[in-house]
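Read the structure below first, then the notes.
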Amino acid sequence: MTATQSTEATREREGESDDPSEGTTTAGPILAVEQLRKGFGGIQAVDGATFEVAPGSITGLIGPNGAGKSTTFDLITGVYSPDSGRVRFDGTDITGWRPDRVARRGLVRSFQIARELAGMTVMENVMLAPPDQLGERFWPAVLPGFRGRVAEQERELRERAWETLEFLELDDLAGERAGALSGGQRKLLELARVLMTEPEMILLDEPMAGVNPTLERKLLDRLQELSDHGYTFLLVEHDMDVVMEHCDPVIVLHQGEVLAQGPPAAIKSNERVLEAYLGGEVEA
Amino acid sequence: MSRLSVWLRRGLRALRHPLGGDGDADGARSDLVLVGGLVVGVYALFTVMALLGPFDGVGNVLSQLETVTLLVLVYVMLALALNLQWGYAGLLNLGVAGFMAIGAYTMAMLSAAPDATVPGLGLPLVVGIVGGFLAATLFGALTALPAIRLRADYLAIVTLAFSEIIRLVVRSEAASEFTIAGQRLGTGGANTFPLPPNPVKVLLYENPSEPLVAAVDSPTVAGDLMLEIADVFNLSASQAENILYTLLLLIPVGAFYLLLTRIGNSPFGRVLRAIREDELVAGSLGKNTRRFKITTFAVGCGLMGLAAILWQLQGQGRLSPGTFEPELTFFVFVALILGGSGSNTGSVVGGIVFAAVLLEGPRALKRVVDENFDVSADPDTIIEASQGVEPLFAYLLSDSSIEALRFIMLGVVLVYLMQRQPQGLLGHRRGQAATVSLPTREEEEP
Ligand SMILES: Nc1ncnc2c1ncn2[C@@H]1O[C@H](COP(=O)(O)OP(=O)(O)O)[C@@H](O)[C@H]1O
Ligand SMILES: [Mg+2]
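The listed protein sequences derive, respectively, from chains R and U.
For the first sequence, our numbering assigns the number 1 to the initial residue and increments by one for each residue that follows.
For the second sequence, our numbering assigns the number 1001 to the initial residue and increments by one for each residue that follows.
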């Protein structure tokens, strides 16, 4: 079963309207990964991974530690170039593109180990994210003639930044240096930045680690809401309850290969998956 | 509160938040107090040293203050330019002296008269200045272009090599005079390159390109006025002219500060700081980090070239290849590190402290000691010198050891700083990179 079919299946099962104008217009997958391979010295971190992500879905990417999930993200977003294989995003072959080009194309990722800009404030971290800022170009930043327009855009972005920070319950820390945040707060900041870029598709690498359960619930509801509005998510998550409840389809990676993919119910009862997890963990 | 102080505060706020933010007026005020206090302190120190030295009237004291002020202003400009590259974007430029040489020599070759000792194109000086700035910018971009794709350390290596190549080319026999398309040009090689008269000379004298002794005989109206004022303070014409030049230099220095603060507080500056902290994050958020780095590097190099031009045009105005030795690069780094890289006010403070205390201080001290102690003995070795206080002074302050003494002082200050205040004097003072104030939501602007 392909990812696309499974998403449609979910929507019907949950009784949602299947309005085609919702979500991205492309009928095919928004992201397609083909035979991706990457080795580090002796370790084959990603070993022929092949999968597709349907537009508007929240696709789960799971697998035991060291399965190659984070490396797959790195290969998709240009942090590393693959040894072989292709990555196609929204009809464009983006294999080997530099990270900034991938991001500008509409595919943005978060990092598993939060990479906050420690010396900058929380607000600065968030204000950095929005694309196409006029004041990021040299002459508009410098020439007095642009002053009004740059300041106006900054004010608009600041308003959006406040909304994002409030939603993620980081607004009290806006003026704080990002380096002073707790682990969970850093993950939220990472998420705040990604949301501020307003991309078509977001890759999230264990975004909820260290976040309190109430906020986690709120975040998951938000992801669901965003995906209903056409955003696509590929979510690496270790909490199986979360995966089973929110992700469809689920892709299981094991030793750099796709071991299984399909709706959560099927994954839950898949023998090979259970084996890979050394019994039981999936059913948590 | 008096109207004046309101105006002053508004001015300060504009300085810190040039795009109309409503932020940190307090910070700006304390910056101004700090810089002002430092300037007063430096002037007091140098006045005392001038008075203790071979005292030769008020004019002489003023002239010594002018010397230190000029150096301070030059180093402030250089530290600000380097701060853009190193402090904001984390780009390690070990070729500061080379980019300065490019700026100064391009200016000279464009605007020197075709029939001068070292021939030039004879274009107006302003064309030379703009051309020098653009040439340094262009060379900055060309150097950065290949190096920035590679790892960060390559930029350091490439710029260091570049600066040495420039210095060697400038002083080479081949470059000293050559002909391009029938046009005679040259750098003067190892010799000095006399520059056309600077704008202050043009303002003061009818025949500014004549030697000063002749030029003073035909002053303009402004020149007449200046010579009269000079008389009152017992200043020679050249001293008065230099003081005027240095005072006018405050305008470009202010412009440097304003420009760099504006860059630093803009979204552009925000991306630079993000690149310095974690380039992958900036890239992953879609920022074209290469474009930012190349632009920043080129602009910084252009400003270094411009600073060199404004420095060398002063006074007699002649370029010498010895001015652009690699130690100059080192000096600018020390100034920036002293003040605290990452902060523009820190760059200003670093420029002042470095140029006044470490660069010019030992020279002024030597004058004081020469005047007040018998240092004619001038022993050859430190062993001989340790026989008594005066021979020791004489040894330490001889022309050859004053350079060494300066380096020792530099080392001591750097070691002390790294131990006590590794961020530099003002390193903790990094403004927020935003054109509108950020922390409080309620204080929206009207
Ligand atoms: N930069 C690297 N250098 C060497 N080995 C790496 C590197 N990144 C990942 N690996 C290895 O590749 C394998 C997959 O890692 P990773 O993608 O982080 O797994 P996951 O995110 O699924 O836990 C692991 O064995 C890990 O040790
Ligand atoms: Mg991982």
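The beta carbon of each residue, even a glycine, is placed where N, CA and C say it ideally should be.
(message) I'd like the ranges of any alpha helix (DSSP H) spanning at least 4 consecutive residues and lying wholly in the stretch 133-203 of chain R.
(response) 138-142, 147-167 and 183-196
(message) Am I right that Gly1132(U) and Ile1309(U) are in contact with their C-beta atoms under 8 Å? What's the rounded C-beta distance?
(response) 5 Å
(message) Using a Cβ distance threshold of 8 Å, determine whether the stretch 1294-1306 of chain U contacts the stretch 1081-1093 of chain U, with at least three qualifying pairs required.
(response) yes
(request) Quick one: list the residues of chain R neighbouring Lys1201(U), beta-carbon separation under 7 Å, in chain order. (result) Per Cβ cutoff of 7 Å: no residues; Lys1201(U) is ~31 Å from chain R at best.
(request) Examine ligand 1 and report whether any of its heavy atoms sits within less than 7 Å of the Cβ of Phe40(R). (result) yes
(request) Output yes if chain R places a C-beta closer than 8 Å to the C-beta of Gly1254(U); else output no. (result) no
(message) Quick check: is the beta carbon of Leu117(R) nearer than 8 Å to any beta carbon in chain U?
(response) yes
(request) With a threshold of 7 Å, establish whether the CB of Ser1284(U) neighbours any heavy atom of ligand 2. (result) no
(request) Check the Cβ of Phe73(R) against every Cβ in chain U and list those closer than 9 Å, keeping chain order. (result) Simply none; closest approach about 10 Å.
(message) By the DSSP assignment, the beta strand (DSSP E) with Ser84(R) in it spans what residues?
(response) Run containing Ser84(R): Ser84 to Phe89, per the beta strand (DSSP E) assignment.
(request) For the beta strand (DSSP E) holding Gly60(R), just list the boundary residues, first then last. (result) Ile58 to Ile62
(message) How far does the beta strand (DSSP E) with Arg109(R) in it extend, from its first residue to its last?
(response) Unbroken beta strand (DSSP E) run through Arg109(R): Leu107 to Arg109.
(message) Could you tell me the alpha carbon to alpha carbon distance between Ile251(R) and Arg101(R), rounded to whole angstroms?
(response) 26 Å
(request) Starting from the beta carbon of Ile1263(U), find every residue of chain R whose beta carbon is closer than 7 Å, and list them in chain order. (result) Ala141 and Val142
(request) Grab me the residues of Gln224(R)'s own chain with a C-beta within less than 8 Å of its C-beta, minus the 5 sequence neighbours each way, in chain order. (result) Ile58 and His246
(message) Contact between the stretch 1204-1219 of chain U and the stretch 1234-1244 of chain U is defined here as three or more beta-carbon pairs at a separation below 8 Å; is this criterion met?
(response) Segments in contact, yes.
(message) My output table needs one value for Val273(R): the three-state DSSP class, helix, strand or coil.
(response) It is helical.
(request) Examine chain R for any beta-carbon lying closer than 8 Å to the beta-carbon of Thr1295(U), and answer yes or no. (result) yes
(message) To the nearest angstrom, how far is the alpha carbon of Gly1269(U) from that of Ala1282(U)?
(response) 12 Å
(request) Using a cut-off of 8 Å between C-beta atoms, extract the partners of Leu1280(U) located in chain R. (result) Val79, Pro99 and Arg115
(message) Tell me whether the stretch 152-166 of chain R and the stretch 203-212 of chain R touch, counting them as touching only if at least three CB pairs, one residue from each stretch, are closer than 8 Å.
(response) no
(message) Check this for me: beta carbons of Arg109(R) and Pro131(R), under 8 Å apart or not?
(response) Not in contact: Arg109(R) and Pro131(R) (Cβ atoms no closer than 8 Å).
(request) Please check the pair Val1334(U) and Leu1410(U), which I expect to be a contact at CB under 8 Å, by giving their CB distance rounded to whole angstroms. (result) At roughly 6 Å, the Cβ-Cβ gap stays under 8 Å, so Val1334(U) and Leu1410(U) are in contact.
(request) Mind checking the stretch 142-159 of chain R against chain U and listing, in chain order, the residues whose C-beta falls within less than 7 Å of any C-beta there? (result) The stretch 142-159 of chain R vs chain U, Cβ under 7 Å: Val142, Arg147, Val150, Ala151, Glu154, Arg155 and Arg158.
(message) DSSP three-state label for Pro1194(U), please.
(response) strand
(request) With a threshold of 7 Å, establish whether the CB of Gly1254(U) neighbours any heavy atom of ligand 1. (result) no
(message) Does Gly91(R) pass the burial test, meaning 16 or more other C-beta atoms within 10 Å, or should it be called exposed?
(response) exposed
(message) Please list the terminal residues of the continuous beta strand (DSSP E) segment that includes Ile251(R).
(response) Val250 to His254
(message) Spatial neighbours of Leu1121(U) within its chain, please: C-beta separation below 6 Å, excluding the five flanking residues on both sides.
(response) Leu1110
(request) Count the C-beta pairs between the stretch 1350-1359 of chain U and the stretch 1315-1335 of chain U that are closer than 8 Å, then say yes if the count reaches three, no if not. (result) Touching, yes.
(request) Could you tell me whether any non-hydrogen atom of ligand 1 is closer than 7 Å to the CB of Thr71(R)? (result) yes
(message) Taking 8 Å as the threshold (beta carbon to beta carbon), is Thr197(R) in contact with chain U?
(response) yes
(request) Can you pull the chain R residues whose beta carbon is under 9 Å from the beta carbon of Thr1345(U), in chain order? (result) Neighbours of Thr1345(U) on chain R: none; closest Cβ ~17 Å, over 9 Å.
(request) Could you tell me which of Gln44(R), Glu34(R), Lys38(R) and Ala54(R) sits nearest to Pro263(R), measuring between CA atoms? (result) Distances from the CA of Pro263(R) to each of Gln44(R), Glu34(R), Lys38(R) and Ala54(R) were compared; the closest alpha carbon is that of Ala54(R).
(request) Put Pro264(R) into one of helix, strand or coil per three-state DSSP. (result) helix
(request) Within 10 angstroms of the Cβ of Trp139(R), are there 16 or more other Cβ atoms? Answer buried if so, exposed if not. (result) exposed
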